[in-house]
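As structure tokens, the structure follows; a few thoughts come after it.
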Amino acid sequence: MGTAGSLGESLVIEQLNKTYRVSTGDVPALQEINLTIGEREFVSIVGSSGCGKSTLLRIIAGLENGYAGTVKLGDRRIAGPGLDRGMVFQEHRLIPWLTVEQNVAFGLNGRAPGENERLVREHLELVGLSSFAKAHPHQLSGGMAQRVAIARALVNQPKLLLLDEPFGALDALTKIQMQQEILRIWEAERTTMVLVTHDIDEAIYLGDRVVIMSSRPGTVKKIMAVDLTRPRDRSSYEFIQIRKGIYAEFFAEAEKPFAYAI
Amino acid sequence: MARETNPRLQKIKHLLQYVSLSIVILAVWQTLYHLGYIKPIILPPPSKIALTFWELLNSGAMAKHVGISVLRVLEGFGIAAVLGLSLGIAIGLSRTFDRLTDLIIQVIKPIPPIAWIPLAILWFGIGEKSKVYIIFLGAFFPIIINTIDGIRQTDHKFVEVARILEVPRFKFVRQVVIPGAFPAIMTGIRVGLMVAWMCVVAAELIAAGSGIGYLIMDARQLSQSDVVLVGMITIGIIGKLMDSLIKRLEKRLIGWKVSYVGD
Numbered sequence: 000m001g002t003a004g005s006l007g008e009s010l011v012i013e014q015l016n017k018t019y020r021v022s023t024g025d026v027p028a029l030q031e032i033n034l035t036i037g038e039r040e041f042v043s044i045v046g047s048s049g050c051g052k053s054t055l056l057r058i059i060a061g062l063e064n065g066y067a068g069t070v071k072l073g074d075r076r077i078a079g080p081g082l083d084r085g086m087v088f089q090e091h092r093l094i095p096w097l098t099v100e101q102n103v104a105f106g107l108n109g110r111a112p113g114e115n116e117r118l119v120r121e122h123l124e125l126v127g128l129s130s131f132a133k134a135h136p137h138q139l140s141g142g143m144a145q146r147v148a149i150a151r152a153l154v155n156q157p158k159l160l161l162l163d164e165p166f167g168a169l170d171a172l173t174k175i176q177m178q179q180e181i182l183r184i185w186e187a188e189r190t191t192m193v194l195v196t197h198d199i200d201e202a203i204y205l206g207d208r209v210v211i212m213s214s215r216p217g218t219v220k221k222i223m224a225v226d227l228t229r230p231r232d233r234s235s236y237e238f239i240q241i242r243k244g245i246y247a248e249f250f251a252e253a254e255k256p257f258a259y260a261i
Numbered sequence: 000m001a002r003e004t005n006p007r008l009q010k011i012k013h014l015l016q017y018v019s020l021s022i023v024i025l026a027v028w029q030t031l032y033h034l035g036y037i038k039p040i041i042l043p044p045p046s047k048i049a050l051t052f053w054e055l056l057n058s059g060a061m062a063k064h065v066g067i068s069v070l071r072v073l074e075g076f077g078i079a080a081v082l083g084l085s086l087g088i089a090i091g092l093s094r095t096f097d098r099l100t101d102l103i104i105q106v107i108k109p110i111p112p113i114a115w116i117p118l119a120i121l122w123f124g125i126g127e128k129s130k131v132y133i134i135f136l137g138a139f140f141p142i143i144i145n146t147i148d149g150i151r152q153t154d155h156k157f158v159e160v161a162r163i164l165e166v167p168r169f170k171f172v173r174q175v176v177i178p179g180a181f182p183a184i185m186t187g188i189r190v191g192l193m194v195a196w197m198c199v200v201a202a203e204l205i206a207a208g209s210g211i212g213y214l215i216m217d218a219r220q221l222s223q224s225d226v227v228l229v230g231m232i233t234i235g236i237i238g239k240l241m242d243s244l245i246k247r248l249e250k251r252l253i254g255w256k257v258s259y260v261g262d
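Protein sequences, first through last, are from chains A and D. Mapping of the first sequence onto numbering that gives the first Met the number 0: residues 0 to 261, in sequence order. Mapping of the second sequence onto numbering that gives the first Met the number 0: residues 0 to 262, in sequence order.
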């Protein structure tokens, strides 16, 4: 629970700053981010669009180079992508001309062929799509395609799974199904998960903790622990209280921008 | 439903739409001839052209000319496809190779194949080689340019996925880059074959004794405008057939691509 997990493979972010260079000068994207995510923890990050939450995730993934500060997974400083981290994007990003199983196997490199097959089979089973192994992405629904993307991200058995608004493009019902699905996978695989979302309900439903970010520059405004047992009831009193608390953070901020704008 | 949904009727309707404009043009043309508005020596009527076509077909001359032209085109196009694809892939994948070759490609590309005829004769003589060379030049550039473009259009999103999964470069090129470039490559192949076929007349300007281009140039000297038109229309029809064939092939090979076909 919380940060109390073993520090062996925890994600440690200290004094992280990231600026983007544009023609008019440097624009700060992330400012003084400090965050520790314990092994097997599920952390949600919420913020309005443009708050840098995706940038933060991309830094952890190793897709953004050039930041100041420390980002470490275990004792390794993150300087590029690595198989210890998997990522699921908002769009499924499946390769359209490869079958489902080929898409999952896309991430498997340098293993024995027999092991490849086993891992692909196991991970398709994990997301419940074994019978679609030979299908092509265009034959799948949005939710199914996103499950394949999850299987592909997990096939190398990463320590940390990064989820960048993975259910943002799905319809409301599929979204709820996928949220239950990702919890089941999290419990089965015991992977640390970091979810970026702009859906406050989703953040509370899934996360052990919810990190609230503010915009321009992106900073960690508040971290809220969600001490509710799973499966969580979205209409329970405690759930709604937490939601109210998070809404308050955003509304309080929404009234100020005019003062900042000058 | 107020709209007719009988698939058979729909098919017939579409076929009629497909040929109607051509039939109208032919009919107007024929009528203008009968009314005395067009001199047959300037523009022979469709009936005369059909008759000449029939005669050339029966005498076996047409098959001979078409056969030799198609052979030349396939030779020139084949060489262009092999070189265009391999060089295009190499240039598409390597920035350095691109910088090394870009200027020369961009400068040679706009030179029309017909301008190469004098040099082609000097280099390859007046035999088959020079004709194949002219056709090769026509087909080469559309193929190489489209191949390079196709490879450059690799979706950046897939590049990120491959980076995260540490996919080796060779596997990435084989499974993502080349299949992704395939639609563009097929376009290059199609345009290349079309241009190769259009170059056949230019190629057969070089001391040819047979071929569809020769047929046209020979008839020109004898003022046989009907034979000229038969030659032109034959080129058009064969070109259309080649294009349809490749389109079919393309559809089969790229089943995953769902493209817009128009209202």
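Ideal Cβ placement from N, Cα and C applies to all residues, glycine included.
Three-state secondary structure (DSSP) at residue i?
i	result
A:L194	strand
A:Y246	helix
A:S43	strand
A:T98	coil
A:I261	Low confidence applies here, because A:I261 scores a pLDDT of 46, under 50, leaving its location unreliable; read the following figure in that light. Looking at A:I261 - three-state DSSP - the assignment turns out to be coil, as it is neither helix nor strand.
A:D170	coil
D:L31	helix
A:A3	Any reading at A:A3 needs caution, since the residue's pLDDT is 43, under 50, leaving its predicted position unreliable; the model's value is listed next. DSSP places A:A3 in helix when its eight states are reduced to three.
D:P6	helix
D:P272	Because chain D in this structure spans residues 0 to 262, residue 272 of chain D falls outside the shown range and cannot be described.
A:P27	strand
A:V21	strand
D:R247	helix
A:Q178	helix
A:A111	coil
D:V200	helix
D:D154	coil
A:V126	coil
D:Q220	helix
A:A104	helix
A:I139	Here the sequence assigns Leu to residue 139 of chain A, which means Ile is not the residue at that position. A:L139: coil per DSSP, three-state reduction.
Would residue i be called buried (16 or more neighbouring beta carbons within 10 Å of its own) or exposed?
i	result
A:E40	buried
D:K156	exposed
D:R168	exposed
A:D25	exposed
D:N5	exposed
A:G65	exposed
A:Q178	buried
D:L164	buried
A:R75	exposed
D:Q9	exposed
A:D226	exposed
A:E164	buried
A:V193	buried
D:L118	exposed
A:E180	buried
D:K128	exposed
A:H137	exposed
A:T196	buried
A:K221	exposed
A:E13	exposed
A:A224	exposed
D:D101	exposed
D:R98	exposed
A:R189	exposed
D:Q220	exposed
A:Q145	buried
My guess is that residue i and residue j are in contact by the Cβ rule of under 8 Å, so how many angstroms apart are they, rounded?
i	j	result
D:K47	D:D225	5 Å
A:S43	A:V154	The Cβ separation is near 24 Å, so there is no contact.
A:I58	A:V70	6 Å
A:L118	A:A187	Contact flag wrong, Cβ pair sits at about 15 Å.
A:T191	A:L34	About 13 Å; that fails the 8 Å criterion.
D:A201	D:V72	Their Cβ separation, rounded to whole angstroms, is 12 Å, which puts D:A201 and D:V72 out of contact at 8 Å.
D:V131	A:N108	So it is not a contact: roughly 44 Å between Cβ atoms.
A:A152	A:V87	5 Å
Could you please give me the residues that DSSP links to residue i through a beta bridge?
i	result
A:M86	A:L161
A:S213	A:T218
D:L214	Note: D:L214 sits in no beta bridge, so no partner.
A:V70	A:I12
A:M223	A:V209
A:T35	A:V11
A:R75	A:L72
Just to check, is the beta-carbon of residue i closer than 8 Å to a non-hydrogen atom of the ligand PLP?
i	result
D:I144	Summarising the ligand content, the structure contains no ligands, and the ligand PLP is consequently not present.
Start-end ranges of the alpha helix (DSSP H) lying completely within the stretch 33-117 of chain D, minimum 4 residues: DSSP runs (the alpha helix (DSSP H)) wholly in the stretch 33-117 of chain D: 45-58, 60-92 and 94-107.
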